[in-house]
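> Structure incoming, see below.
There are 6 protein chains.
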Amino acid sequence: MTHGNAPNPPRSTLVVTAHAGDFVWRAGGAIALAAARGEKVTIACLTYGERGESAKAWRAGKSLEEIKGIRRAEAEAAAAALGAEVVFFDAGDYPLTVTPELTDRLVGVYRAAQPDVVLTHPLDDPYNGDHPAAARMALDARVLAQAIGYPAEGEIIGAPPVFFFEPHQPEMCGFKPQVLLDISEVWETKRKAMECLAAQQHLWDYYTDLAVRRGVQLKRNAGPNLGLAHKTMAEAYMRPYPQVTGELA
Amino acid sequence: MTHGNAPNPPRSTLVVTAHAGDFVWRAGGAIALAAARGEKVTIACLTYGERGESAKAWRAGKSLEEIKGIRRAEAEAAAAALGAEVVFFDAGDYPLTVTPELTDRLVGVYRAAQPDVVLTHPLDDPYNGDHPAAARMALDARVLAQAIGYPAEGEIIGAPPVFFFEPHQPEMCGFKPQVLLDISEVWETKRKAMECLAAQQHLWDYYTDLAVRRGVQLKRNAGPNLGLAHKTMAEAYMRPYPQVTGELA
Amino acid sequence: MTHGNAPNPPRSTLVVTAHAGDFVWRAGGAIALAAARGEKVTIACLTYGERGESAKAWRAGKSLEEIKGIRRAEAEAAAAALGAEVVFFDAGDYPLTVTPELTDRLVGVYRAAQPDVVLTHPLDDPYNGDHPAAARMALDARVLAQAIGYPAEGEIIGAPPVFFFEPHQPEMCGFKPQVLLDISEVWETKRKAMECLAAQQHLWDYYTDLAVRRGVQLKRNAGPNLGLAHKTMAEAYMRPYPQVTGELA
Amino acid sequence: MTHGNAPNPPRSTLVVTAHAGDFVWRAGGAIALAAARGEKVTIACLTYGERGESAKAWRAGKSLEEIKGIRRAEAEAAAAALGAEVVFFDAGDYPLTVTPELTDRLVGVYRAAQPDVVLTHPLDDPYNGDHPAAARMALDARVLAQAIGYPAEGEIIGAPPVFFFEPHQPEMCGFKPQVLLDISEVWETKRKAMECLAAQQHLWDYYTDLAVRRGVQLKRNAGPNLGLAHKTMAEAYMRPYPQVTGELA
Amino acid sequence: MTHGNAPNPPRSTLVVTAHAGDFVWRAGGAIALAAARGEKVTIACLTYGERGESAKAWRAGKSLEEIKGIRRAEAEAAAAALGAEVVFFDAGDYPLTVTPELTDRLVGVYRAAQPDVVLTHPLDDPYNGDHPAAARMALDARVLAQAIGYPAEGEIIGAPPVFFFEPHQPEMCGFKPQVLLDISEVWETKRKAMECLAAQQHLWDYYTDLAVRRGVQLKRNAGPNLGLAHKTMAEAYMRPYPQVTGELA
Amino acid sequence: MTHGNAPNPPRSTLVVTAHAGDFVWRAGGAIALAAARGEKVTIACLTYGERGESAKAWRAGKSLEEIKGIRRAEAEAAAAALGAEVVFFDAGDYPLTVTPELTDRLVGVYRAAQPDVVLTHPLDDPYNGDHPAAARMALDARVLAQAIGYPAEGEIIGAPPVFFFEPHQPEMCGFKPQVLLDISEVWETKRKAMECLAAQQHLWDYYTDLAVRRGVQLKRNAGPNLGLAHKTMAEAYMRPYPQVTGELA
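Written out as structure tokens, the structure is:
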């Protein structure tokens, strides 16, 4: 929203994710950009990804609680690097199940955070059912938090725009980039946050390559005349709701 | 595009339409907003709509040339009211046919206008084949105009974002609003431009109602906290290419 | 169905909706037409819309029970105006949750009503999850009610055609009109029923305008030769199942 | 259209097909039903299918003209059996190409036939490009024939509903039945018309089986209570435009 | 998968179905082919179809337990005829509900069976909600069974390809054949298995005709030069995940 | 096709592309694999990409004929490296236009090559209209070449499977990988062929990265147990027609 918003509190971004590492790989750039502008970023992390995304730790014989602890510590370090705060729900992964109770807890987070922007997973992912479950609850809670009749603490919220971040296998999830976000200026920050996730070192280069590729795509869509840096880094997003604007650009 | 573009010439908008009245009903607000910001707006009007959209004149016994003249005069008046310039191609409507020659003429217009933004029809319309034909050529010419190897006058262009404006029967044309443009501040201008199209007086209220409806939708998507005027007027658009941005909002 | 159906009992229409007002805004014309033909119309209203669609009452400091009472009274008045009967489930809205128990209660309503036609919400609505929940249960219960093995009171039903009525933001819900119903002759009745919903006065004109617009679309799809009244009013519907007919028309 | 149409001339159906046999296999039942009701049916047959659908004759060493003659005679016999009239365009098949000239000739047929109903191929067929070409021209010509400004003989037409008949491989052509037409009462007539197409005897049983299958589907969608004959025969259709009606059924 | 797989244990196929008869009508050919190659086939049959697919038995006054017994015996006979083993879950049909407990039981079956191939229903079926419920759990359990962190007996599994078999009304379920399987050599076996399902004799010919039709389609997609038997019988499948191969063919 | 095909002539692959470099970047692995198996590969290259994909040469002041010559030489070297033969149509790019004459020339190539497999572009590409034009003609010509009645030299062909190779911006072209081809064993050959295209050196690494990424995806879809090499390289394809097979795998 580029017009008419109240000036006083800093803008607030809410990120709802299924597992501890998701916000880093997929939205670390957007988070770092917002933080760099002095805005507040809250990450609602529904599970630690302790069962579905910690194969190496299980193979090393760690216990469930040890694994949760490792994942939590890594996620907290990464969030700190990006300039954001994480709230852990510890709802249990693989499977993460949609429930009214969990949705209700999310409503509370919405009312507390009063987000101007919401980031979450897309609604389809044939490789990991936890992601759509988190997205489903993120969208439902956003609507409930808008209703004065819904019995939860705090003020009702507006209708913040929602952005779906890019899943690991975009073509299989119906993910078509609708927004390409230039994250060049915070790239080093995102890279540092990724390096906090020691257990998944093989993904550091994977997501670096993705940022390069989305950067190339950004330049291709912006045209040759744009004067962008040679190495533009970018993240891709979808919008489930229409953009509201005062200018076509 | 909100970052890194050259400052000097005023921004330029190119509107490619099939018939003489299209730009008024469907994009008059966007045109007036751009003109109000001091930008340049060029309308490439491929036909006068002399056969397909002038039933009243035919019934009144006008000749083909008379009808073309009436439509041209009305469109020029409306464009002037909005602050834009019209280029008439007189390519013949009903049917407007996609040809390499017409596409090539459009390439010339692109290179001359050097648009920062392009507006045109969506690619599907089961009620009027001229609209998709115009859109097809608008998109093809945009790509050709980018190529240094394409033999046409003028400098190559960048990759300006494209916006499809709303067709008369949106649900039947696969039109799902992706951008809601607040046109409240230029609403009176758009209304005046519509009133230049005397032959289609029944559409004045139709498109006024549509602007109210899209305004309601804009407010619903922006949330109750926004402080928007009670009577927000809006136009809806789609994006065939990803938005390039430096901030999610 | 236009051929071969038994003549004796009057035709029966079942309307399954999420909230107390839905049947008026979206299907009031179809209901009034059926009632005007002497048919029976039963409305299964799953919630009062007490939390999600009663913002004004909450702001006025009403209690939950007061709000339910107001909504119930309004809905009963509107149903009476249309000539239909309402059954309230009081299942709790925002969120309305799909459960086997609620579906089972709906099976009972199907077997009691023996509907020839079923009306409900479409299956997608990104602005209100209660609507798809109601539709999901309406469709599931219809299938269960057909099975002789399903343990519920009453006779099994046939396979009545289903119509999805138009949601508030059709383009965002994948709603493409497949049936345009001429409601001109009962328009005054629908307007009166809308006026029973005092708390939502701003919607009276909104849905009047929609009926005009769908009427224009009906005339456009029927052609200029049709001899329809100048001010045709209409409602739009989708069919999830194929139409069964003895004549293409 | 079930309401308000002028009573005087018999209803008129226009069938636009790519090849000589198409109207028999795919719409023979609808044609026979209309004829049985005393209505007029005109078949615009754009080609004889001389190259693409006459493999047996080519293998037998027939010449192009001989093959055209055979196909024409067969199609005329089949049309007579159904009670319809065929107009041959002899536009050349494999490929049938969309041209303004051919579309213009079709406009003339529309204005002469003044159809109340139009039947044609669906717009996608990855196995035979002639079918979409015929459909494209059928739809374009229908829109042009409505315009008073289009320079062709005859009166302008209304906006007759269009039905796409079922292609040979429906799932590969995006064909989803939206209308199931009960053709039981004219089944023997359709079978006789099919038997006029001696060169394609293997299709007689294929399309008999299809009619049985669509009949089973019709009964399943109509419900067990319907009292339909044991052996209901049916044809499936799609609607590209909304149905206009006075009653939901 | 055609390359690099371990040679030792025989290949294993897992079929997950909602009701007792589903595996016969829809995948009997694939099962018989696998068994004929000496492979192991396990059928996880979630319900007996006692309520939703046993109308004749209910009309004959059988009790619930009697009907389950009949269905079970028929399914066991059919499985034996095909060369497969059935595991009955007795989860209750009409409705079959997605639950974490049932999904967990399926994980156990996956880990025990270690399937190289998985067959199940497609994810949409507007005529029978039990089918999508079974498919949903089949897909979820497959992902969970891959995770070393998921607490279930047995070894984790690989990522076996999944095939959706053809539903009863394919066009209404979004079913587009992506794989046509030649079952000619085991056709007699499939027919014998179908004849074990005495209560549904009317489907024997229905699915015989379908096999002929899919065989015709197979030949059409394979081309005239292929030298296939005159009466090729086939089954159709969809792939929700990409095929992995060492050769395009 | 894995069953029943005649053994004698080596298998033949036909690749139809718009521009000189397309076959290298997008299908070089499949071509090299086929050649390595001793099969014949024919590349129908419709244009040299002289206008749309040779920006660097135009900037360097080369003439049209010089550019064509450079592109031709590069493509011939790359084809030789892969083990394939190129046929140049020199049809003119930017825009490449669909014409009956060009389609007819392609029919001749089909009949001469008698392909067992066909590779071409997907049918949508909003960034380059030449690609869909080439694909359209590739598909049309394949159907025409099957018809004994089509007047062209040579024997009619069968119905070879078609594979769409991956476009440069897959998500924007509706490209969803349906087949992942393991090209690890010919990777060095593909890299050498890419290095023949000196003018587009920046793409060497881009397509190397893509092959790594598709290789990761292949392994993820094949499961952890597969024993694939650490660095699997892959290409992605779509199938517009169903796969015909004798075994689900």
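Residue numbers (this note's numbering), protein chains in the order written: chain A, 71 to 319; chain B, 71 to 319; chain C, 71 to 319; chain D, 71 to 319; chain E, 71 to 319; chain F, 71 to 319. Backbone N, C-alpha and C fix where the C-beta goes; we use that ideal spot for every residue, glycine too. No experiment lies behind these values; they were computed from the predicted model shown.
Could you give the residue range of the beta strand (DSSP E) that holds E:E109?
Counting along the chain, E:E109 falls outside any beta strand (DSSP E), and DSSP gives it neither H nor E.
> Helix, strand or coil for F:M303 per DSSP?
Residue state, collapsed to three classes: coil.
> Would a C-beta distance cut-off of 8 Å place B:K260 and B:G122 closer than the cut-off?
Against a cut-off of 8 Å, the Cβ pair of B:G122 and B:K260 comes out as no contact.
> Taking 7 Å as the limit between beta carbons, can you name the residues of its chain near C:Y311, skipping five residues before and five after?
Excluding residues within five positions, the ones whose Cβ falls inside 7 Å are P231 and V232.
> Under 8 Å Cβ-Cβ, which residues of chain E neighbour D:Q239?
The answer, in chain order, is Q287 and R290.
> Taking the alpha carbon of D:H201 as the point to measure from, which residue in D:G162, D:A229 and D:D174 has its own alpha carbon closest?
Selected option, being the one with the closest Cα: D:G162.
> Which residue or residues does DSSP assign as beta-bridge partners of F:E155?
In DSSP, F:E155 forms a bridge with F:T112.
> Determine which residues share a DSSP beta bridge with F:D252 and list them.
Answer is F:A304, bridged to F:D252.
> Does the Cβ-Cβ distance between D:G308 and D:Q239 come in under 8 Å?
For clarity, residue 308 of chain D is Met in the given sequence; the question names Gly instead. Cβ distance not < 8 Å, so D:M308 and D:Q239 don't count as in contact.
> If contacts are defined as beta-carbon pairs under 8 Å, then B:L250 and A:V188 qualify, I think. What distance do you get, rounded to the angstrom?
The Cβ separation is near 18 Å, so there is no contact.
> How is the alpha helix (DSSP H) around C:V85 delimited, first residue to last?
Taken as a continuous stretch (DSSP letters only), C:V85 belongs to no alpha helix (DSSP H), being part of the beta strand (DSSP E) at S82 to T87.
> At what residue ranges does the segment 133-189 of chain D contain a whole run of the beta strand (DSSP E), taking only runs of 3 or more?
Whole beta strand (DSSP E) segments, 3+ residues: 155-158.
> Specify the secondary structure class of A:Q313 as computed by DSSP and reduced to three states.
A:Q313: strand per DSSP, three-state reduction.
> Output the distance between the C-alpha atoms of B:K305 and B:V213, rounded to the nearest integer angstrom.
At residue 305 of chain B the sequence reads Glu, which differs from the Lys that was named. Rounded to whole angstroms, B:E305 to B:V213 spans 26 Å at the Cα level.
> Would you say E:I253 and E:L103 are within 8 Å of each other, going by their C-beta atoms?
Cβ atoms of E:I253 and E:L103: closer than 8 Å.
> Check whether the Cβ of C:M264 sits closer than 7 Å to any heavy atom of the ligand FAD, and report yes or no.
As presented, the structure is devoid of all ligands, the ligand FAD included, so that no description of it is given.
> Could you name the residues of chain D that F:L214 contacts, counting a contact when the two beta carbons are closer than 9 Å?
Residues of chain D passing the Cβ test: R121, G122, Y164, P165 and G199.
> Going along chain E, which residues have a C-beta under 7 Å from A:Y129?
The question names Tyr, but residue 129 of chain A is Arg in the sequence shown. Per Cβ cutoff of 7 Å: I218.
> So, at 6 Å on beta carbons, what are the nonlocal neighbours of F:W257 in its own chain, with the 5 sequence-adjacent residues on each side left out?
Within the same chain, F:W257 has close Cβ partners M303.
> Are there three or more Cβ pairs, one per stretch, closer than 8 Å when the segment 275-286 of chain C is compared with the segment 162-182 of chain C?
With the cut-off at 8 Å, the segment 275-286 of chain C and the segment 162-182 of chain C do not touch.
> Taking only beta carbons into account, state which residues of the segment 171-203 of chain C come closer than 7 Å to chain D, listed in chain order.
From the segment 171-203 of chain C, only V187 have a Cβ closer than 7 Å to chain D.
> Kindly list, in the order they appear in chain D, the residues whose Cβ is closer than 9 Å to that of B:A208.
Neighbours of B:A208 on chain D: none; closest Cβ ~20 Å, over 9 Å.
> In chain order, what residues of the segment 79-94 of chain D put their CB closer than 9 Å to some CB of chain E?
Under the 9 Å Cβ criterion, the segment 79-94 of chain D contributes no residue.
> Could you check where the beta strand (DSSP E) with D:F245 kicks off and where it finishes?
It is not in any beta strand (DSSP E) - D:F245 carries neither H nor E in the DSSP assignment.
> Going by beta carbon distance, what residues of the same chain come within less than 6 Å of A:V111, once the five residues before and after it are set aside?
The answer, listed in chain order, is T83, I101, A104, A105 and A154.
> What separation, rounded to the nearest whole angstrom, lies between the Cα atoms of B:L180 and B:A211?
Correcting the residue type first, residue 180 of chain B is Tyr in the shown sequence and not Leu. Between B:Y180 and B:A211, the C-alpha separation is close to 8 Å.
> How close, in whole Å, do the beta carbons of E:T87 and E:A204 come, if the pair is a contact with beta carbons under 8 Å?
Indeed they touch by this definition, with Cβ atoms about 6 Å apart.
> So which residues of chain F does E:P247 contact, with C-beta pairs closer than 8 Å?
Simply P312.
> With a 10 Å radius around its C-beta and 16 neighbouring C-beta atoms as the bar for buried, classify C:E135 as buried or exposed.
By the neighbour-count rule (16 or more Cβ atoms within 10 Å), C:E135 is not buried but exposed.
> Identify the continuous alpha helix (DSSP H) that holds F:T223 and give its terminal residues.
Rather than Thr, the amino acid found at residue 223 of chain F in this sequence is Glu. No alpha helix (DSSP H) contains F:E223, which DSSP labels as neither H nor E.
> Which residues does DSSP pair with B:F93 in a beta bridge?
Looking at the DSSP assignment, B:F93 forms no beta bridge with any residue, so it has no partner.
> Is the CB of F:M308 under 8 Å away from at least one CB in chain A?
By this cut-off, F:M308 is not an interface position.
> Between the alpha carbons of D:A143 and D:C115, how many angstroms are there, rounded?
C-alpha separation (whole angstroms): 13 Å.
> Distance, Cα to Cα, C:E255 vs C:A319?
Roughly 21 Å between the two C-alpha positions.
> Would you call the CB atoms of F:E241 and A:K246 closer than 8 Å?
Going by C-beta atoms, F:E241 is nearer than 8 Å to A:K246.
> Which value, in whole angstroms, describes the spacing of the CA atoms of E:A229 and C:F235?
Those two C-alpha atoms are separated by around 42 Å.
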